[in-house]
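*Asks:* Have a look at the structure that comes next, please.
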Amino acid sequence: MFPARVAREMPHRYRLEAAKCKKCGAVFFPHRLICRECGHREFDTINVSAIGKLISYTVIHTPASQFKDESPFALGICEFLEGVKITAQVVDIAAADIKTGMDLQIEFRRVQTDGHAGVIGYGYKFVPLI
Amino acid sequence: MFPARVAREMPHRYRLEAAKCKKCGAVFFPHRLICRECGHREFDTINVSAIGKLISYTVIHTPASQFKDESPFALGICEFLEGVKITAQVVDIAAADIKTGMDLQIEFRRVQTDGHAGVIGYGYKFVPLI
Amino acid sequence: MRDVAIVGVGMQKWGELWEKSFRDLFVEAALNAISDTKVPKIDHMYIGCMTGGLFVGQEHVGSIMADYLGQKHLAATRVESACASGGAALRCGFIEVASGMSDIVLVGGVEKMTDVSGDGATYALATAADQEYEVFHGATFPGLYALMARAYMERYGATRDQLSAVAVKNHDNGLNNPNAQYQMKLTVQQVNESVMVADPLRILDCSPITDGAAALILCPLSRAKEFSDKPPIKIIGCGMATDSIALHDRRDLTSLDAVRISAEQALKMAGKKIGDINVTEVHDCFTIAEIIVSEALGMFPAGKGALACVNGETRVEGKFPINASGGLKSKGHPVGATGVAQAIEIVHQLRGEAGKRQVKNAKIGMTQNMGGSGGSSVVHIMEVA
Amino acid sequence: MRDVAIVGVGMQKWGELWEKSFRDLFVEAALNAISDTKVPKIDHMYIGCMTGGLFVGQEHVGSIMADYLGQKHLAATRVESACASGGAALRCGFIEVASGMSDIVLVGGVEKMTDVSGDGATYALATAADQEYEVFHGATFPGLYALMARAYMERYGATRDQLSAVAVKNHDNGLNNPNAQYQMKLTVQQVNESVMVADPLRILDCSPITDGAAALILCPLSRAKEFSDKPPIKIIGCGMATDSIALHDRRDLTSLDAVRISAEQALKMAGKKIGDINVTEVHDCFTIAEIIVSEALGMFPAGKGALACVNGETRVEGKFPINASGGLKSKGHPVGATGVAQAIEIVHQLRGEAGKRQVKNAKIGMTQNMGGSGGSSVVHIMEVA
Ligand SMILES: [Zn+2]
Ligand SMILES: [Zn+2]
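Encoded structure:
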């Protein structure tokens, strides 16, 4: 059985579900109960598009314990068509080849081998376009 | 090397050192920087006497994880001649034989096998008089 | 100091709310409170939360909750006093409005306790006790209250049945509270025979592990009519006190001095006597706690609290109705939220909207919220303005 | 609201204080603050602490600290806003005295960070970020500020040398502060060549892991002469704001809106403009933070903060002296204590007792304390009364 914490985040982490405000159209990832832009409380569920633009990145050399084995690893923020920005690891590319402004694609991967929650965590990572 | 946290508590946990207010004589275990009774800030170091009187006890059936192996175990509060009261496990006696008001003696034992701090913790426990 | 009123309240049905995250729990309760009013915006927010760090790996509680509440840039302060975090947050909110620093303040409380294992929750809760001189030796919260219970029973001759009567009474009340986690009737025998947790306390002496949140809206009394058509509830007394963190450092295991002192302060500020209070919510984290608290508040002499409950004096129709909501025992105990939810129950009682658990002619109400084994206590007194 | 003054301050030399426990650290600083005054007793206490739970397994911080401070039954409230916990505690204390609820309030801050491993500290600090949408993916605090640093450098053409200039300046100041953790001179080259932590940030861009505490005493300005012969320092402005907890949810990675808004609030309350401020302590948890904060405060236009530091404008003798104390970078950063220690430095500066790091003719001072990657900010403005 999945721990509740993993199950709860599955729509976002596994299916990239976002919430689009029915009133003003603002998009939030993950979902919210009230729109940060207009205060409306009803949303449509949409999916974040698969390709985003990298707006900044870093290479982390001193991670928390559950990421020790992968260190150093790149972490970036991508901006997507819907207006949402997402933080995730940038993988399958050498650090020297990562450039701000490049397009990256979202893929489903194992993220943590064993977090403080004591479970294997799966979710999205950014990879280069094929 | 001892972690700092263990070394810091050694005077209290290993040697039962208490602080006696130089002004009003109140005794504190562990030490304090200011007397809770009179506000004085100078103390003499004394040792808590080895035998105390049990003023209440319980038998814990649902402990935190580092005490799982010993569950159920008795925990009591003893009052000592110097006026201090101390909480510790009551061991080497069947739960049914523990009585409020009985005299118990302090002994040095292993207390935790592996706490959240990740170290083996030694300290005092209460045992019956020989 | 300006007069301060509660003009809106909100929570949700509490329980093991696996589908609701820490942030969603809080936002849901806060939106319910906002919807209970006509306030246009919030000026400041206080959030009671005992340990977001250990329960969900999330501190910086003010920032995340202001963000997800959709209140851009809202200043928000998280407040902690163990299980009295909610009461401490209410005190801060009261002072913020009384001072004139802010007009509209949201006071909330939240705890998400079921994302960790039972062991993990036991560890997290034990951080309210002395980590080095209680917890290191194996003390748990039921264990500390068990030490108080045995001392009380031996000194005053209180019985197992008398402890159980507290749980039975609170579950009877909780049956009439749709937001309660456990809406089920208990018998003395069921409590007496339930699984041992820390002798003499059994599982049905203990409040449960709960996910939940609660929130209320404060404003200057002079502006209350702008924001609500319901009767404004004025905060007339506020007291807070601490005691030694370690139970063994108290002068007496069967007394709760922080409770006594915080109640004396609040009564003095309100200009009331305990006999003036019509309805009270107290911190019954364990059956023994409600008994000793009722004595510390001055309702009953030392050693007589257990019998008073058995005699019905603390029932909804009694002289001192205690925990008409069902208390922590039946309603649940998401530690950071509890103090705020206590105030919400008093608001419902004073507004006359408590339904089947309504205390008749309730004009003045009191809340008592406790941290740890009595290391802190916060008391509020409210009346219909 | 009553006028409020700071009449006493205390801390200790910060560092890796292995021999001092969580409780002793706090009590030592609090006793030093009390000894700096003639106050007979404390009416209430606020304690800033980010995560006693994760660093030392101790919550219920108010109870344990009141107990070990020897102040029987003193009401004490712990306040958290991540690394801005100290600033948030000062805001609460200011309001408590301003309201008339209490006359003498001790505001303290404490963090004991070296009882856990480096990994453990990284985890504990990361709970100030979004646990589910940043930390889950591997974000650390240096990592988040590194994302800001790269965006800033690429947008404005800031250089590696310019980041390093901030560290060099703050270490130069720290040489003159006997309480600073690192009293050592740095060169641009040393910073540039130090170990990489999160590209482009290196270890000497980062504030250290520190054990420490700080405390100050507040009272109504009208009573300040009773308690101290030193010039009372009046709090004339107080601002606080939040922003999204996740860095990626901000409108712009190179701005800090919570800082800008909290500063605007405080300046408005004080009736001052940024040009009126003679001395400022800001939250330089990383070199890039000081640069962006100096812009958000309105000292320099966006993109010009890095150059302003290089040009000496933020040195003790510059137009806008920043972090004369050495800042978090040299003084150390026990997260819950930092905001309180910033106020202590301003008190020393306004009293004219800052020795070799004294800013000339300092009459008005400002503190800016930040939580997380900018998810909260608290600003205070003070002047010699
Ligand atoms: Zn909208
Ligand atoms: Zn003394």
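Protein chains in written order, with my numbering: chain A, 1 to 130; chain B, 131 to 260; chain C, 261 to 645; chain D, 646 to 1030.
Beta carbons: idealized from backbone N, C-alpha and C, even for Gly.
Predicted model only: the values in this text are computed from it and were never measured.
1. Rounded to whole angstroms, what's the CA-CA distance from Y328(C) to R32(A)? Just pull it up for me.
2. Within 10 Å of its beta-carbon, does M1(A) have 16 or more other beta-carbons around it, so buried, or fewer, so exposed?
3. In chain order, which continuous runs of the beta strand (DSSP E) of length 3 or greater are located wholly inside the stretch 157-230 of chain B?
4. What does P128(A) touch in chain D if you count any residue whose Cβ is under 7 Å from its own?
5. Anything in chain C within Cβ reach of T767(D), meaning under 7 Å, just list it in chain order.
6. Using a Cβ cut-off of 8 Å (strictly closer), state whether P30(A) contacts chain D.
7. From G884(D) to K332(C), what does the alpha carbon distance come to, in whole angstroms?
8. So what does DSSP say about E237(B), is it helix, strand or coil?
9. Tell me whether Y306(C) sits in a helix, a strand or coil according to DSSP, three-state version.
10. Ligand 2: which residues have Cβ under 6 Å from any of its heavy atoms, chain order?
11. Can you tell me the Cβ-Cβ gap for S726(D) and H320(C), rounded? I've got them flagged as a contact below 8 Å.
12. Would you say V649(D) lies against chain B (beta-carbon separation less than 8 Å)?
13. Suppose the cutoff is 7 Å on Cβ atoms and the five residues either side in sequence are ignored; what does the same chain contact list for L831(D) look like?
14. Report the rounded CA-to-CA distance for C78(A) versus A335(C), giving the unit in angstroms.
15. Candidates V316(C), Y393(C) and A388(C): which alpha carbon is nearest E139(B)'s?
16. What does the alpha-carbon distance come out to for the pair K1001(D) and V992(D)?
17. Beta strand (DSSP E) containing S673(C): first to last residue?
18. In terms of residues, what are the limits of the beta strand (DSSP E) holding I495(C)?
19. E107(A) CB to nearest chain D CB: under 8 Å?
20. Specify the secondary structure class of W274(C) as computed by DSSP and reduced to three states.
21. Could you tell me the boundaries of the alpha helix (DSSP H) in which M914(D) lies?
22. Does the contact criterion of 3 or more C-beta pairs under 8 Å hold for the stretch 212-226 of chain B versus the stretch 501-508 of chain C?
23. Just checking: is the beta-carbon of Y778(D) within a distance shorter than 8 Å of some beta-carbon in chain A?
24. Say whether chain A places a C-beta atom closer than 8 Å to the C-beta of P966(D).
25. Output needed in chain order: residues of the stretch 669-680 of chain D with a Cβ under 8 Å from some Cβ in chain B.
26. Given a threshold of 16 other Cβ atoms within 10 Å of its Cβ, counted over all protein chains shown, does T983(D) qualify as buried or as exposed?
27. Measuring alpha carbon to alpha carbon, tell me which residue in R795(D), G950(D), K949(D) and G753(D) is nearest G653(D).
28. Should A180(B) be flagged as near chain C, meaning a C-beta pair shorter than 8 Å?
29. At least one CB of chain B closer than 8 Å to the CB of K717(D): is that the case?
30. Can you give me the C-alpha to C-alpha distance between H978(D) and L461(C), rounded to a whole angstrom?
31. From R805(D) to R795(D), what distance separates their C-alpha atoms?
32. Under 8 Å, do Y691(D) and A650(D) count as touching if we go by C-beta distance?
*Replies:* In short:
1. The sequence position of residue 328(C) within the third sequence is 68, counting from 1. The sequence position of residue 32(A) within the first sequence is 32, counting from 1. For Y328(C) and R32(A), the distance between alpha carbons rounds to 6 Å.
2. Residue mapping note: residue 1(A) aligns to position 1 of the first sequence, counting from 1. Here M1(A) scores only 42 on pLDDT, less than 50, and its place in the model is too uncertain to base an answer on.
3. Listed in chain order, they are 173-177, 181-190, 203-210 and 215-220.
4. Taking the first sequence and counting its residues from 1, one reaches residue 128(A) at position 128. Near P128(A) there are no residues of chain D at all, since even the closest Cβ is about 18 Å away, more than 7 Å.
5. In the fourth sequence, residue 767(D) corresponds to position 122, counting from 1. Within chain C, no residue comes near T767(D); the closest Cβ sits about 12 Å away, beyond 7 Å.
6. The residue you call residue 30(A) lines up with position 30 of the first sequence. The beta-carbon of P30(A) is placed less than 8 Å from the nearest beta-carbon of chain D.
7. Counting from one through the fourth sequence, the residue named residue 884(D) turns up at place 239. Counting from one through the third sequence, the residue named residue 332(C) turns up at place 72. Their Cα atoms are separated by approximately 15 Å.
8. Taking the first residue of the second sequence as 1, we reach residue 237(B) at position 107. Correct three-state label for E237(B): strand.
9. One-based indexing of the third sequence puts residue 306(C) at position 46. Strand at Y306(C).
10. Answer in sequence order: C151(B), K153(B), C154(B), A156(B), C165(B), E167(B), C168(B) and H170(B).
11. Your numbering for residue 726(D) matches position 81 in the fourth sequence. Your numbering for residue 320(C) matches position 60 in the third sequence. Sure, about 7 Å apart at Cβ, within 8 Å.
12. Sequence index remark: in the fourth sequence, residue 649(D) carries index 4 (1-based). Nearest CB-CB separation between V649(D) and chain B: not below the 8 Å threshold.
13. For this step, residue 831(D) is matched to residue 186 along the fourth sequence. These residues qualify, in order along the chain: A812, V813, H816 and L849.
14. Residue numbering aside, residue 78(A) sits at position 78 when the first sequence is read from its first letter. Residue numbering aside, residue 335(C) sits at position 75 when the third sequence is read from its first letter. A straight line joining the alpha-carbon of C78(A) with that of A335(C) spans about 28 Å.
15. Position 9 of the second sequence, counted from the first residue, corresponds to residue 139(B). If we check each option's Cα against that of E139(B), Y393(C) comes out closest.
16. For this step, residue 1001(D) is matched to residue 356 along the fourth sequence. For this step, residue 992(D) is matched to residue 347 along the fourth sequence. Cα-Cα distance, rounded: 15 Å.
17. Chain C is shown only over 261 to 645; residue 673(C) falls outside these bounds and no answer can be derived.
18. Here residue 495(C) refers to the residue found at position 235 of the third sequence. According to the DSSP assignment, I495(C) belongs to the beta strand (DSSP E) that extends over I493 to T502.
19. Taking the first sequence and counting its residues from 1, one reaches residue 107(A) at position 107. Not one beta carbon of chain D lies nearer than 8 Å to the beta carbon of E107(A).
20. Counting from 1 along the third sequence, the entry for residue 274(C) is found at position 14. If DSSP states are grouped into helix, strand and coil, W274(C) belongs with coil.
21. As a first step, residue 914(D) is located in the fourth sequence; it is residue number 269 there, counting from the start. In the DSSP annotation of this structure, the continuous segment of the alpha helix (DSSP H) that includes M914(D) starts and ends at D902 to A915.
22. The stretch 212-226 of chain B makes contact with the stretch 501-508 of chain C, as at least three CB pairs between them are under 8 Å.
23. For the purposes of this step, residue 778(D) is taken as the residue at position 133 of the fourth sequence. Chain A contact via Cβ: present.
24. Within the fourth sequence, residue 966(D) is the residue found at index 321, counting from 1. Chain A places no beta carbon closer than 8 Å to that of P966(D), leaving this residue out of the contacts.
25. The stretch 669-680 of chain D vs chain B, Cβ under 8 Å: D669, V672, E673 and L676.
26. Start at 1 with the first residue of the fourth sequence, and residue 983(D) comes out as number 338. Classification of T983(D): buried, given that the 10 Å Cβ count is 16 or more.
27. Within the fourth sequence, residue 653(D) is the residue found at index 8, counting from 1. That would be G753(D), whose Cα lies nearest to the Cα of G653(D).
28. Walking along the second sequence from the start, residue 180(B) turns up at place 50. No, A180(B) does not count as interfacial toward chain C.
29. Taking the first residue of the fourth sequence as 1, we reach residue 717(D) at position 72. Answer yes: the Cβ-Cβ gap between K717(D) and chain B drops below 8 Å somewhere.
30. Locating residue 978(D) in the fourth sequence gives position 333, counting from the first residue. Locating residue 461(C) in the third sequence gives position 201, counting from the first residue. So the alpha carbons of these two residues sit roughly 44 Å apart.
31. Here residue 805(D) refers to the residue found at position 160 of the fourth sequence. Here residue 795(D) refers to the residue found at position 150 of the fourth sequence. Straight-line Cα distance between these residues: approximately 10 Å.
32. Here residue 691(D) is taken as the residue at index 46 of the fourth sequence, counted from 1. Here residue 650(D) is taken as the residue at index 5 of the fourth sequence, counted from 1. The answer is no: Cβ separation not under 8 Å.
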